[in-house]
Amino acid sequence: MSSKVRTTALCLAILALGAAGVSVALGDTVQAGNLIVEIEGQVSPQKLPKKTPAPITLNVSGSVKTADGTHPPVLKTIALEFDKHGSIYTKGLPTCNPSKLQATLTAQAKKVCGPALVGSGKVSAQILFPEQPPFNAAGPLLIFNGKPKGGKPVLVFHVHANVPAPTTFVTTGVISKASGKYGTSTEIAIPTIVGGQGSLTSFNATLHKTWTYKGQKKSLLLASCPTGALFAHGEFTFSDGTKISGDVAKNCTPTN
2 MSSKVRTTAL CLAILALGAA GVSVALGDTV QAGNLIVEIE GQVSPQKLPK
52 KTPAPITLNV SGSVKTADGT HPPVLKTIAL EFDKHGSIYT KGLPTCNPSK
102 LQATLTAQAK KVCGPALVGS GKVSAQILFP EQPPFNAAGP LLIFNGKPKG
152 GKPVLVFHVH ANVPAPTTFV TTGVISKASG KYGTSTEIAI PTIVGGQGSL
202 TSFNATLHKT WTYKGQKKSL LLASCPTGAL FAHGEFTFSD GTKISGDVAK
252 NCTPTN
């Protein structure tokens, strides 16, 4: 079954990369057929300069479930577009090669790529094997700055969990330029969990990083608020053909 829901209240785009800089607390629940997606997020500070982009911190959490309690479909991809007045900055920030994270525990990943760490959180999934009751598995989420690809910023996502055997998941998101009211975009392929038997059910993450480059303090995420509103767009695609997409316009408070 294929279903597409569009809603101006949806802020799915704040998940992984936070580059839009939505400047107020937000939350939303969206249903497409039997599938229910819940999102909560907050960016601080809430007041942002009108012209000059300022550092921000992103906190985001969410869940995926079904209305009838059955095993949710597998999330395949997340496509995101972010407001042109928000950005991600990585120049001078140490990078992490995804190949170094393969088969690493959380502590090992931090040791290998610690200077490139830009975010952390937790990811949970539900595993369903034939003729067995479903069970939940969870693991820490680490987010690293990756080596730019074609001059474009890259974020690397690392999760180590018992599903049920100890397994490491690594994926990346390339940040590209977008057009119109959007400045940046990305598409993230969700790694296969236990041969397709596992489905993402919840996540939470905080993204924030500052460093010094050429004598100046830099921040991973930046945003300004020239008009009193910021915009984002996101689309989540699931294995059963369900798509949940939406646009968001959120008020922010401009300061001089």
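Here the sequence shown stands for residues 2 to 257, where the numbers follow our numbering. Glycine included, every Cβ here is placed at the ideal spot set by N, Cα and C. Note that the coordinates shown come from a computational prediction; the quantities given were computed from them, not determined experimentally.
>> Once DSSP output is grouped into helix, strand and coil, what is the label at T8?
In response: Sequence index remark: in the sequence shown, residue 8 carries index 7 (1-based). Legend: pLDDT at T8 = 33, less than 50; position of this residue unreliable, value from coordinates given subsequently. In this structure, T8 counts as coil in the three-state DSSP scheme.
> If we ignore side chains and look at the alpha-carbon of each, how far apart do I37 and D241 end up?
Replying inline: Residue mapping note: residue 37 aligns to position 36 of the sequence shown, counting from 1. Residue mapping note: residue 241 aligns to position 240 of the sequence shown, counting from 1. Rounded to the nearest angstrom, the two C-alpha atoms are 14 Å apart.
> Would the beta-carbon of E82 fall within 7 Å of that of H234?
Replying inline: In the sequence shown, counting from the first residue as 1, residue 82 sits at position 81. In the sequence shown, counting from the first residue as 1, residue 234 sits at position 233. Yes, these two residues count as a Cβ contact at 7 Å.
>> Can you tell me where the beta strand (DSSP E) holding A190 begins and where it ends?
In response: Taking the sequence shown and counting its residues from 1, one reaches residue 190 at position 189. First-last of the beta strand (DSSP E) with A190: Y183 to A190.
>> For T91, which residues in the same chain have their Cβ closer than 6 Å to its Cβ, ignoring the five residues on either side in sequence?
In response: On the sequence shown, residue 91 is found 90 positions in, with the first residue counted as 1. In chain order, N146 and P154 place their CB closer than 6 Å to the CB of T91, counting only its own chain and leaving out the 5 sequence neighbours on each side.
>> With a threshold of 8 Å on Cβ separation, who are the neighbours of V25 within its own chain once the five nearest residues in sequence on each side are excluded?
In response: In the sequence shown, counting from the first residue as 1, residue 25 sits at position 24. For V25, the predicted structure reports a pLDDT of 33, less than 50, and the residue's modelled location is therefore unreliable. The matter cannot be settled from this model.
> Can you tell me whether A214 is buried or exposed, with buried defined as 16 or more other CB within 10 angstroms of its CB?
Replying inline: Walking along the sequence shown from the start, residue 214 turns up at place 213. At residue 214 the sequence reads Tyr, which differs from the Ala that was named. It is exposed - the Cβ of Y214 has fewer than 16 other Cβ atoms within 10 Å.
> Can you name the residues that DSSP bridges to S200?
Replying inline: Position 199 of the sequence shown holds residue 200. Partner(s): Q127.
> DSSP state of L18, grouped into three classes?
Replying inline: The residue you call residue 18 lines up with position 17 of the sequence shown. With a pLDDT of 33 at L18, under the threshold of 50, the modelled position of this residue cannot be trusted; read the value that follows with caution. Of the three classes helix, strand and coil, the one that applies to L18 here is coil, per DSSP.
> Going by Cα to Cα distance, which pick from T185, L143 and S62 is closest to L222?
Replying inline: Along the sequence shown, one-based indexing puts residue 222 at 221. Residue T185 is the option with its Cα nearest to L222.
> Counting along the chain, where does the beta strand (DSSP E) carrying V61 start and finish?
Replying inline: Along the sequence shown, one-based indexing puts residue 61 at 60. Here the beta strand (DSSP E) through V61 covers T58 to T67.
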